[in-house]
Each structure stands twice: as C-alpha cells, then as structure tokens.
Amino acid sequence: METLFYAPAIASGSELPEDESQHCTRVLRLKEGDEITVTDGKGHLYRAVLKDVHRKRCRVEIAEARDAEPLRDFRIHLAVAPTKRADRMEWLVEKATEIGVDEITCLRCRYSERREIKRERLCKIAVGAMKQSQQAVLPQINGMTDFEAFIAPGFEGCKMFGHCREDRTKQLIREVYRPGQNALLMIGPEGDFSSGETEAALAAGFFPVSLGKSRLRTETAALAACHTIHVLNL
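This is the structure we're talking about:
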C-alpha cells in the first residue's frame with residue numbers, strides 16, 4: 043500500500059512538516075528524486091518529488107495536483123461526551139476517522155466524566171487514521187463544547203441522539219434516517235444525558251434512537267451509530 047503523507051499547506055508551501063519529513067527519511071529512507079503522494083486533508087492529492095531531503099525538513103516539488111474521488115455524498119457529524127479514560131476517546135477518533143466521519147465534537151454534559159480534552163492529541167490521531175485509511179479529507183475535531191451551545195445552531199439533515207432511559211418513542215436509526223441525508227449523531231456520557239438535556243434535545247428537533255437491546259459504552263455506541271449510517275447508504 044502506498045504511503046500517504048499529510049501537509050496541510052502543501053498547495054502554498056514546498057516543505058513537509060517535521061514529523062512527515064522524519065517519516066520520509068528515518069522510516070522509509072526515501073531519497074532525493076523519489077516520488078510521494080501528499081494530501082492537504084481538504085480533499086486534494088498531490089504527486090510530489092523530493093528535492094531536498096533532511097531528517098527534519100524535506101522540500102518537495104509538486105508534479106501533479108488533483109481532487110480525490112469523494113467517498114460519500116453525505117456528511118456525518120459525531121458529537122460525543124468524552125470518556126473518563128482518554129485512551130477510549132482516542133480509540134473512537136481513530137476508528138471513526140477510518141470508517142468515515144466529517145466532524146467530531148466533544149460534548150460537555152451535566153454528567154460528563156471528563157470536562158477537558160487534549161484536542162491536539164486527538165487531531166494527531168485523526169491525521170494518522172486518515173493516512174492509514176488512504177483518505178484525503180481530515181475530520182474537523184472540535185474541543186469541549188457545552189451541550190446547550192451545541193444543540194442551538196441549525197443543522198441541515200437528520201439529528202439523532204441516543205440515551206439509556208426506557209422510552210417507547212425511541213426508534214432504530216434506519217427508521218428515522220433517510221439515505222443521502224447529512225447525519226448528526228449525539229451520544230452522551232456513561233452517566234447518560236440528564237432529563238433536562240433529553241427534553242432540550244427533543245425540543246431542538248433531535249430524534250431519540252436506539253442502537254439495540256444491549257447497553258453500550260459511550261465510544262462503542264458512537265462508533266456503532268456512525269457505522270450504521272454508512273451501512274444504510276450502501
């Protein structure tokens with residue numbers, strides 16, 4: 043499999059970031075004149091030739107630029123209350139990026155176990171997952187956002203949220219989501235959304251959805267919901 047490099051400013055600059063330069067020289071041992079494929083994370087791919095190779099700085103010359111083929115015609119925005127253990131949230135960002143997601147927002151809810159996150163760390167994990175899965179679009183990773191502020195803006199598409207309370211109005215995702223729609227999936231903390239947050243979500247037009255009879259961990263529920271949207275669009 044071809045190695046994909048990430049350089050967000052490749053269109054206006056001629057150098058790879060330091061960590062990508064080190065990967066070129068120390069791991070792959072590439073030399074001047076070798077060709078590589080670079081993405082800017084915005085849906086564009088570049089065929090580039092290494093011109094000046096150093097351990098911390100690799101200069102390139104763009105030989106060809108093209109738009110990557112879109113992987114889907116709908117958007118997925120995943121809003122999740124981060125787990126108490128940081129590694130579980132990192133796992134979610136990695137796997138959701140591999141499956142395909144456009145935006146991830148970290149929610150601060152009433153019963154959230156984690157009030158702050160290391161956004162830069164999550165962004166770095168998303169970059170690695172994007173490259174590994176050979177995608178050209180990097181998901182937008184948003185920092186901690188208060189629940190009330192998050193549900194206020196408008197969203198064009200199907201808005202869904204999962205909660206653990208017994209609720210006869212909850213439906214399966216396939217019963218409320220129409221293939222081709224943009225999807226906003228909101229998953230609460232291990233302690234669930236508060237009753238007030240549930241009422242606010244309903245008032246804001248979110249559909250309460252079920253992910254099956256098993257009670258899932260936060261990160262499992264979020265990934266399952268994301269994957270379901272992809273399956274429904276096959």
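Mapping the sequence shown onto the working numbering, position 28 (from 1) lands on 70, and the numbers just tick up by one.
For glycine and all other residues, C-beta sits at the position ideal for the given N, C-alpha and C.
Everything numeric in this text was worked out from a predicted model, so none of it was measured.
Whether Leu-193 touches Ala-243 by CB criterion (8 Å): First, the residue type needs correcting, since residue 193 is Ile and not Leu in the sequence shown. Yes; because the gap between Cβ atoms is below 8 Å, this pair is in contact.
Asp-234 versus Leu-180 - alpha carbon distance: 29 Å
Within the segment 67-115, ranges of the alpha helix (DSSP H) (whole runs, at least 4 residues): none
Inter-residue Cα distance where the pair is Lys-126 and Ile-183: 18 Å
Leu-120 vs Ala-138 beta-carbon contact at 8 Å: For Leu-120 and Ala-138, yes; Cβs fall inside 8 Å.
Three-pair Cβ contact test at 8 Å for the segment 135-152 versus the segment 260-276: yes
Pairwise C-alpha distance: Cys-200 and Arg-220: 8 Å
Beta-bridge partners of Cys-200, as assigned by DSSP: Ala-225
Whether Glu-239 touches Cys-151 by CB criterion (8 Å): yes
Contiguous beta strand (DSSP E) assignments of at least 3 residues, all confined to the segment 207-272: 225-229, 249-252
Backbone CA spacing between Ile-118 and Arg-108 [nearest angstrom]: 24 Å
Within the segment 136-169, ranges of the beta strand (DSSP E) (whole runs, at least 3 residues): 145-150
Distance cut-off 7 Å: Val-69 Cβ against heavy atoms of the ligand ADP: Absence of the ligand ADP is noted for the structure shown, with no ligands found whatsoever.
Rounded separation between Met-186 and Arg-257 - CA only: Going from the Cα of Met-186 to the Cα of Arg-257 covers about 25 Å.
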